[in-house]
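Numbering (our numbering), first residue to last: 1 to 191.
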């Protein structure tokens, strides 16, 4: 098995004025995943191969608004990919080490493309403290999902679904412990 990934990235970070910054970037990726195996039970050692070769342009855009000295609003939209693991692409059936379940890879899998959107409000009372709330949304094109192929034990395999969505809220807090005692100043709590 072999995986090769070549990439290049360009980024521009510019202040539009004192309170608004724009960060614009793009990553170009060329990836090749290959598996070359054989059937040990075939008299002619039949080759079993799988290959996934993709080129992707992954743009990103972020806007950062400084609402006050300690309050920032960040909005971003990016595109990313999720590649299948080599075992998910394997063109043969194997037994899982843990659980002894049969697993059959799918050489027809494609990588998933993901559109990510984030909106984050940050309050930074000090340089090493933060209180933040984020809303995120992800739209998946061809996500890889685990399936069960009907058999006497049920063989696990993988396929690309049509699409999926994920949305949620994240809360973050980081508090320095120096307020309790000066000796605790190097320490903090994160939640």
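Ideal Cβ placement from N, Cα and C applies to all residues, glycine included.
All figures in this text were calculated on a predicted structure; none of them were measured in a lab.
| Item | Value |
| --- | --- |
| Rounded distance between the beta-carbons of residue 116 and residue 158, thought under 8 angstroms | Not confirmed; about 23 angstroms, so no contact. |
| Same chain, Cβ closer than 8 angstroms to residue 188, five either side skipped, listed in chain order | 128, 129, 174, 175, 176 and 177 |
| N- and C-terminal bounds of the beta strand (DSSP E) containing residue 145 | 144 to 149 |
| Reduced DSSP category for residue 178 - H, G, I as helix; E, B as strand; rest coil | helix |
| In chain order, each beta strand (DSSP E) run of at least 3 residues that lies wholly inside the segment 23 to 84 | 47 to 68 and 71 to 82 |
| Exposed unless 16 or more other CB atoms sit within 10 angstroms - verdict on residue 143 | buried |
| Residue 131: CB within 6 angstroms of a non-hydrogen atom of the ligand NAP | The ligand NAP is not part of this structure, which contains no ligands at all. |
| Residue 4 versus residue 85: straight-line alpha-carbon distance, rounded | 13 angstroms |
| Contact belief for residue 59 with residue 26 at Cβ below 8 angstroms, rounded distance in angstroms | 5 angstroms |
| Cutoff 8 angstroms; reference residue 37; Cβ partners in own chain excluding five residues on either side | 47, 48, 49, 90, 91 and 92 |
| Backbone secondary structure at residue 87 - three-state DSSP | helix |
| Outcome for residue 140 when other beta-carbon atoms lying within 10 angstroms are tallied against a minimum of 16 | buried |
| Limits of the beta strand (DSSP E) - the one that residue 208 falls within | Outside the shown range of the chain, which is 1 to 191, sits residue 208, and nothing can be said about it. |
| Cα-Cα separation between residue 14 and residue 65, rounded to whole angstroms | 12 angstroms |
| Reduced DSSP category for residue 183 - H, G, I as helix; E, B as strand; rest coil | helix |
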